[in-house]
Amino acid sequence: MAEVSVTKGLIKGVVKLTVLLTVGFVCLFLFGKILSAPTEDGYRFFPMLGSRVWVWIIAQLHLNFAAFVLGVPIFAVSMEFLSWRRTDDRLDRIAYDFTKLFTLAYTLTAIAGTVLMVSLPLLYPKFMGHLMDILGPTWWLYIVVMYGEVLVCYYYFYSWHQMKDKKGVHVAIGVLLNFMGLTMLLITSSWVGYMTTPGGVSETGALINRWAAIKTYMWIPLSLHRLVANVVFGAGIAAAYAAYRFITSETDEDRAYYDWMGYTSAMISIGFSLILPGIGYLLGVEIYAYNEQMGIQLMGGFFAWLWVMQAILIGAILMFVNYYLWISLNKMPGGERYFKYVKFLFIIMLLGYTVWLTPHSVALSLEEARRIGAYHPILGNLGVMAAKNTAVVISYLATFLSFAIFKMSNKEPVVPWAKAGNAIRIILVLGSSVAMLGIGVYSYMVTSAVRVKVLSPIQFGIFFVTIIALFILDNMMYKNAKIIGEPRWGKMPERSQYALIGITVTFTWLMAMMGYMRSGGRQYWHVYGIMKDTSPDAYLPTHGYAAIVCSTVTVLFFLFIGLLFWSIMKLEKAQAAKGGAKA
Amino acid sequence: MKGGGLKLLAVVIGLNIFFTYIGLYFLPQSESQPPKTIKIEKGVTVDELLSLGEEISFSKGQCMVCHPMKAETGMRAPAISTIGGEMVKSAKERNMKPEAYVFEALVNPAEYVQKGFENMMPPIHKSPTSLNEGELIAVAAFLQSKGSQVTVSYPESLEALKEQIAKEAKKGGS
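In the order they appear, the protein sequences are chains C and W.
Residue 47 is where the first sequence starts when you use the numbering used here, and the numbers rise one by one after that.
Residue 58 is where the second sequence starts when you use the numbering used here, and the numbers rise one by one after that.
The following block contains the structure:
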């Protein structure tokens, strides 16, 4: 690919985008003529699946790809920056590989986007007409920014090798790329923000103030949440890519590189996921501030059980991570010494997880339970969040410990206070676990307001202080530590890579589910409180039904992504063969 | 490694089947239907009014999102099972007719906030709940039946209800 000149690359990008947009507009026009007129209240019906499921699947697929192409550049450029400052070739290679991934993923993103752009106005003409009335200018701006984004992205990718000696400028282009990506994210979040927490319009939906319709309650917290989640997700996909390349690679050298790439990506992913609950909390606060009823409905009403599901999914992710780190000890000289601890941590988590998964009684929705006056063992009057938060912070702490153990497993501290340091570590971990558990139990006894506003932040606070303290302690203790041996990258059994894939699949599923909740939170409204959904799909389906859709989207997404991975590998092989023939 | 890619695909599909299984068999399976507008006819009996009011409270009104049926620790909003009696008490304290009190509680809740609770009850004649007048009277009757005498009826109470709605409107969207 390096042979393609920059100009050619740019032209390719612009042509692709223009063709897709043209196809989109032509389809809109043609289908608008061919299809029968929409119903009186403004709907057309998608055959078989129904409009909702069709749009649901396409939108989520598009969002998955978009999250990927917006998230990966953030750490591609970070890696490039690091490689430039430290002149580390391995970092440059990983940054380039990431860039290759998202540049090629653009096409798939844009195709899904085009299908969505055709489907929405055709199936929901009245609703989309309203959105265009209120936010139309942002859509045109979006197209302009999209062109900018594609130009910068293709430039960034195709100029990689040519600008080898101008790294500073190249990094700056990467930063610009992320700036464009952020703008696109802000624009799309404003649409969803308007639908969920509308502002700037009268009670009948007439435009009063466009800026107020853009700058809704949800806008900034949603954008922040998506930004961080995109990094987590993008890194996860990169880890999946590494796993795929690891498993299919034929040389030890490749295996070593992809093992390292998988490890690095997975740790970035998990590291960033640590701040998601905090931003999610902010997002929740804004939704409550907009409308208590919607907030409570989302947190404790119809969707209450999906938070349990969220805990199940986070639990699964953390178990995969712990399992992966545990196996990783194999490649650390001296790692054997720690097997028993990490195994212990893993077993604790597995036990906790099984307890979580055991249904205590027939699952009732919260409203049903309240109606018959029964208290649900998990939900009941206790509320889900307290139990969930406690389980999550403690599992995260265990995962952080596994990570710390892995990092130091090939080292021997030389500081004289190493013994005391170990004691401090144990006290820190046990102390904070007890404190967090205590808060979890105590929060069952107070009002929900105290639980949400006081106890949960304290719980998360303790967690963060603990890991920061552990981090500082380890850094001091292992300063100039004796290194027993370098990690043997590539010496990993194949099953470790399934754990990596597991992390990403689970996270993708979680994203689909959270997207459904965010959208379903509007209930039978297109625009909450302003424009009713009067279509046959206006009801919220059962959780089982939603789970089937989430799984369908996730499997489809991985099929496409797998195709992308596979074609990248083929391309590289073809190029290598060509290069080999030339030499 | 041969077939590695396929094995990865198997992991992807296996996990998705597992999550679908949890979604289908571990989580409760109820749907949430959009509300239907209930038309209340003149001459509706008290019993009919009560059962309509109960249905609205549990479905369209979404009252149970905040109000528990029986009192529980840490509850967000007053328990329904005793709310009628509580309202009569508060009405006496504030020197109001029970009828005026219950309507004010529904359409102008910010006017008087029960001790120990926050001001988060939405005016339920407005969007997004948007109960109509007949529905509001049915809900009021149902609430009164929980621990006190039912004094509202349809269409006799319309006057008192409209008075409270007008009061809320006068506040000017604040």
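Here a beta-carbon is modelled for each residue, glycine too, at the ideal position from N, C-alpha and C.
Of C/K624, C/W237, C/K528, C/I358, the smallest CA-CA separation from C/A259 is found for C/W237.
Every unbroken stretch of the alpha helix (DSSP H) spanning 4 or more residues and falling wholly within the segment 212-287 of chain C is given here in chain order: 213-242, 256-260.
The beta carbon of C/I485 sits closer than 8 Å to those of T436, L501, I504, Q505, I508, all from its chain and outside the five residues before and after it, given in chain order. Distances from the CA of C/E299 to each of C/K54, C/T588, C/W535, C/V551 were compared; the closest alpha carbon is that of C/W535. Cβ neighbours of C/Y200 within its own chain (closer than 6 Å, five residues either side excluded): G55, L56, G59. Contact check for C/C596 and C/W571: beta-carbon distance about 22 Å, past the 8 Å limit, so the pair fails to qualify. With respect to the 7 Å criterion, C/S311 and C/V278 are not classified as neighbours on the basis of their beta carbons. For C/W185, no Cβ of chain W is located within less than 7 Å of the residue's own Cβ. Taking a Cβ-Cβ threshold of 9 Å, the residues of chain W close to C/T600 are V69, L72, N73, F76, in chain order.
Here the segment 80-90 of chain W makes no contact with the segment 173-184 of chain W; the two share fewer than three CB pairs at distances below 8 Å. C/F606 is positioned such that its CB atom lies closer than 7 Å to that of C/L154. The segment 129-143 of chain C and the segment 181-201 of chain C do not touch, with fewer than three beta-carbon pairs separated by less than 8 Å.
When C/V511, C/T512, C/T160, C/L609 are compared, the shortest CA-CA separation from W/G62 is found for C/L609. Bridge partners of C/V573 according to DSSP: C/M577. The criterion of a C-beta distance shorter than 7 Å is not satisfied by W/R133 and W/C120. Burial is judged here by how many other beta carbons sit within 10 angstroms of a residue's own beta carbon; C/A469 has fewer than 16 and is exposed. The residues F92, in chain order, have a CB closer than 6 Å to that of C/W100 in the same chain once the five nearest residues on each side in sequence are set aside. The C-beta of W/I222 has 16 or more other C-beta atoms within 10 Å across all chains shown, which makes the residue buried.
Burial is judged here by how many other beta carbons sit within 10 angstroms of a residue's own beta carbon; C/P267 has at least 16 and is buried. Taking 7 Å as the CB threshold, W/V164 stays off the interface with chain C. Under the DSSP assignment, C/M482 falls in the alpha helix (DSSP H) whose first and last residues are 464-488. When the alpha-carbon of C/T145 is set against those of C/K528, C/Y193, C/E86, C/P119, the nearest one is in C/P119. The beta carbon of W/T208 lies closer than 7 Å to those of P155, E156, Q201 in the same chain, with the five residues before and after it left out.
No Cβ of chain C is located within less than 7 Å of the beta carbon of W/E143. Distance from W/G110 to W/V196 at the Cβ level is roughly 5 Å; contact confirmed, criterion being Cβ atoms closer than 8 Å. Straight-line measurement puts the Cα of C/G88 at about 35 Å from the Cα of C/M355. Membership of W/F83 in any alpha helix (DSSP H) is not indicated, and neither H nor E is assigned to it by DSSP. Here the alpha carbons of C/Y544 and C/A286 stand approximately 9 Å from one another.
Boundaries for W/C123: no alpha helix (DSSP H) harbours it, and the DSSP string shows neither H nor E there. The beta carbon of C/Y369 sits no closer than 7 Å to any beta carbon of chain W.
Within the DSSP bridge table, the entry for W/S89 names C/L586 as partners. Legend: CB atoms of the segment 122-135 of chain W lying less than 9 Å from CB atoms of chain C belong to residues V122, C123, H124, P125, M126, K127, E129, T130, G131, M132, R133.
For C/S124, the enclosing alpha helix (DSSP H) begins and ends at 97-132. 7 Å or more divides the Cβ of C/M538 from the Cβ of C/G251. C/L352 sits close to C/M563, with the two beta carbons spaced by under 7 Å.
In chain order, A198, V207, S210 place their CB closer than 8 Å to the CB of W/V103, counting only its own chain and leaving out the 5 sequence neighbours on each side.
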